[in-house]
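Per mature numbering (1 follows the signal peptide of the UniProt record, and there is no 0): the sequence shown = residues -21 to -1, 1 to 318.
Notes follow the structure.
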Amino acid sequence: MTLAFMPLGLALVLLVTNASSTSPGAPREQRVWAKVGDLVVLPCHLSPHELQRSWKQLYEKTAVRWERHGESSHKEPHMVLEVEYSGLLKRARSMMPRASVRETGFRQGNFSLWIEPLLSEDAGHYEALVRYGKETRRCQLELGMVTVTVNPPGLLVEAEPLLLNCNSSHPAKLVDMRWFHNGSLVPISSRFRSRHGALSISRPTVSDSGPWRCELTYSDDERVSASFNLQILGFAGPVSPVVYAAVGSAANLPCLLNRDPSASSIPGVSAHWSHFAGGDLKIWDISRNGSNGSFTLHLSEVGPQDAGQYCCAVSIHGMTITRDVTLAVMTGEQWKPRG
């Protein structure tokens, strides 16, 4: 437990619209859902009517005590954070320095508890006891955890199957699960398959990167949602690019990753090009150009025999992804403008 004095000062007051404070005789519990590692605000504030009626008393001394019961309401509560009438702050050792209140919000009737970062063991039943003047208020709520994880963990490469898992600590039966990508509902198909609390993506592409959100609906009509930012390493640019070059000129065949491996601390990335010409297979080993993830193949002088399809193969952590590039070699007659 630590002791500290909280100075009064100006601060931004956050009013949470889904909060409610209750009288001791008629408590009403609410649920708040949050992700591990995020900031969570456990709301406790007066209604506009209560604030108008009690604003004078709020300018007197105010005391706030937050307690947690753990995952079961039958467990003995323990103090999370307490602000005494004197302004002295007490905080449980396990909540240092993660738990806080905004004392400057007390006069606006806001006694919410802030926890950052949130840990999985923070789940449970919370209760706030607020005393100001001759008034007493209680706020009761349940803090639940919701998580979104990806399997396999770590680096994700396009075309490698993956599984998005969505779970929560809600005890009721799960009756429906929906997934959203960039705000749009993801329809179930041969590429996107729904499992219990999970979404399977058989052949992910770079276009699957970005924000994903799961929405879980339970038998008691409770809806829980969480978001996950999915990042997939793959090729940038068009799927099957065509490069045009005149006979005798140089040509650059693009092969660019959507992320720079060195900037993303991804070691062991290599690439090679291959091309069939006159029945023979030509192979070029390409080192990364600079630090931008480019494996462009430079041909100093091309002729008709160089035309055709080239394949860029990039190896990342034992996986190989490929992109085909077509080189079209134009003769002088072909370059003449039509008139």
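Where is the CB? At the ideal position from N, CA and C, for every residue including glycine.
{"Check": "For residue 306 and residue 235, which I take to be in contact (beta-carbon distance under 8 Å), what is that distance rounded to the nearest angstrom?", "Outcome": "About 16 Å; that fails the 8 Å criterion."}
{"Check": "Run the CB neighbour count on residue 167, radius 10 Å, all protein chains shown included, and call it buried at 16 or more, exposed below.", "Outcome": "exposed"}
{"Check": "Which of the three DSSP states, helix, strand or coil, is assigned to residue 25?", "Outcome": "coil"}
{"Check": "Identify every residue that forms a DSSP beta bridge with residue 204.", "Outcome": "194"}
{"Check": "In the DSSP assignment, find the beta strand (DSSP E) that holds residue 260 and state where it starts and stops.", "Outcome": "259 to 265"}
{"Check": "Among all the DSSP beta bridges, which residues are the ones paired with residue 105?", "Outcome": "47, 120"}
{"Check": "Could you give the first and the last residue of the continuous beta strand (DSSP E) run that contains residue 234?", "Outcome": "Run containing residue 234: none; DSSP gives neither H nor E here."}
{"Check": "Would you list the one or two residues that DSSP bridges to residue 112?", "Outcome": "Paired residue(s): none; residue 112 is not in a bridge."}
{"Check": "Would you mind reading off the limits of the beta strand (DSSP E) that contains residue 162?", "Outcome": "Premise fails: residue 162 is in no beta strand (DSSP E) and is neither H nor E."}
{"Check": "Residue 36 and residue 88 - do their beta-carbons sit closer together than 7 Å?", "Outcome": "no"}
{"Check": "Buried or exposed for residue 180, please, with buried defined as at least 16 other CB atoms from any protein chain shown within 10 angstroms of its CB.", "Outcome": "buried"}
{"Check": "Candidates 175, 191, 149, 155: which alpha carbon is nearest residue 165's?", "Outcome": "191"}
{"Check": "Is residue 322 helix, strand or coil by DSSP?", "Outcome": "Residue numbering for the chain in the displayed model covers -21 to 318; residue 322 lies beyond these limits and cannot be assessed."}
{"Check": "If we count Cβ pairs, one from each stretch, closer than 8 Å, do we get three or more for the stretch 73 to 93 versus the stretch 17 to 31?", "Outcome": "yes"}
{"Check": "In whole angstroms, what separates the C-alpha of residue 289 from that of residue 250?", "Outcome": "13 Å"}
{"Check": "Taking its Cβ as the centre, do 16 or more other Cβ atoms sit within 10 Å of residue 75, making it buried, or is it exposed?", "Outcome": "exposed"}
{"Check": "Output the boundary residues of the beta strand (DSSP E) element that contains residue 303.", "Outcome": "298 to 309"}
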